[in-house]
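This report concerns only the one structure given below.
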Amino acid sequence: MKSGTIFNIKGQDYSIEELLDCSPRAAKYAGGFYLVLYLSPTDYHRIHIPVDGMIVERVHIQGKVYPVNEFGLRHMKRVLSRNERLTTYIRHSGGEIAVIKVGAMNVSSIKYVEPLDKDVKKGQELAYFEFGSTVVLLTEDHTFTLRGDLIPGKKVRIGESLGTLRLPNS
Numbered sequence: 678m679k680s681g682t683i684f685n686i687k688g689q690d691y692s693i694e695e696l697l698d699c700s701p702r703a704a705k706y707a708g709g710f711y712l713v714l715y716l717s718p719t720d721y722h723r724i725h726i727p728v729d730g731m732i733v734e735r736v737h738i739q740g741k742v743y744p745v746n747e748f749g750l751r752h753m754k755r756v757l758s759r760n761e762r763l764t765t766y767i768r769h770s771g772g773e774i775a776v777i778k779v780g781a782m783n784v785s786s787i788k789y790v791e792p793l794d795k796d797v798k799k800g801q802e803l804a805y806f807e808f809g810s811t812v813v814l815l816t817e818d819h820t821f822t823l824r825g826d827l828i829p830g831k832k833v834r835i836g837e838s839l840g841t842l843r844l845p846n847s
């Protein structure tokens, strides 16, 4: 993603700033990766910490509750930036990652696991949906290498690697 870049998800264009509700942190993610993880009603509905690190900010963005299924993402305008979102920013040894949990129609109940310490470990439970929805992961530029065989639409399972963080001096 480049600064001010609009990226395309299921035929819809989004900017980093729009998805992060104009957060001053948005500039950090220019040039980084984005991964969209859709959770269907039959999937596991818990979100786990993707990296060892420290939670530096949690933001609740009020919004609508449009469907985020295939139909909603293709036919409703900018669903991922219009729906309710909980964003968690986690600082790790190589930079920062944003975990954006997007609510959806009939499933907009996104809950943090409480108590949630500031210092977190990879695999630790972060939050959950009371039904299915979508998680968007953003990484900073030059901090992440995507797993070579990941392609859009490929199903991933809990604990499965999405790629590798690039740590300082590596």
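The sequence shown lines up with residues 678 to 847 when you count with the numbering used here.
C-beta: ideal position from N, C-alpha, C; glycine also.
These figures come from a predicted structure and were not determined experimentally.
Point to revise | Buried versus exposed, by CB contacts within 10 Å (16 or more), S680 | key: Note that S680 has pLDDT 49, beneath the 50 cutoff, so the model's placement of it is unreliable and the number below is only indicative. Under this definition S680 is an exposed residue.
Check your understanding: Is the Cβ-Cβ distance between I835 and V776 less than 9 Å?
Key -> no
Check your understanding: At a Cβ threshold of 9 Å, is A707 touching chain C?
Key -> This model lacks chain C altogether, as it is built from one protein chain only.
Exercise for review: Can you say whether I828 is buried or exposed, counting buried as having 16 or more other CB atoms within 10 angstroms of its CB?
Suggested key: exposed
Review point. Taking the alpha-carbon positions, what's the D700 to E773 distance?
Key: In the sequence as presented, Asp is not what sits at residue 700; that position holds Ser. One C-alpha to the other measures close to 14 Å.
**Study point:** C-beta contact flag for Y706 and D818 at 9 Å
**Key:** Yes, the Cβ-Cβ distance between Y706 and D818 is below 9 Å.
Practice item. Just confirm the distance between the C-beta atoms of T841 and T816, as a whole number of angstroms; I'd bet it's less than 8 Å. Key: 11 Å between Cβ atoms; not a contact.
Exercise for review: Taking the CB atoms as reference points, tell me whether K789 and L814 lie closer together than 9 Å.
Suggested key: It should be pointed out that residue 789 corresponds to Tyr in this sequence rather than to Lys. Taking 9 Å as the Cβ cut-off, Y789 and L814 do not qualify as a contacting pair.
Check your understanding: Between E695 and the rest of its own chain, which residues show a CB-CB distance below 8 Å, the 5 nearest in sequence each way excluded?
Key -> R755 and S758
Review point. Quick one, are the C-beta atoms of S717 and N746 less than 9 Å apart?
Key: yes
Point to revise | Collapsed DSSP secondary structure at A703 in the structure displayed | key: helix
Check your understanding: Under three-state DSSP, which class holds F821?
Key -> strand
Check your understanding: Three-state secondary structure (DSSP) at I726?
Key -> The answer is coil: DSSP assigns I726 none of H, G, I, E or B.
Check your understanding: Taking C-beta to C-beta, are V736 and D698 nearer than 9 Å?
Key -> yes
Review point. Helix, strand or coil: which one does DSSP assign to E802?
Key: strand
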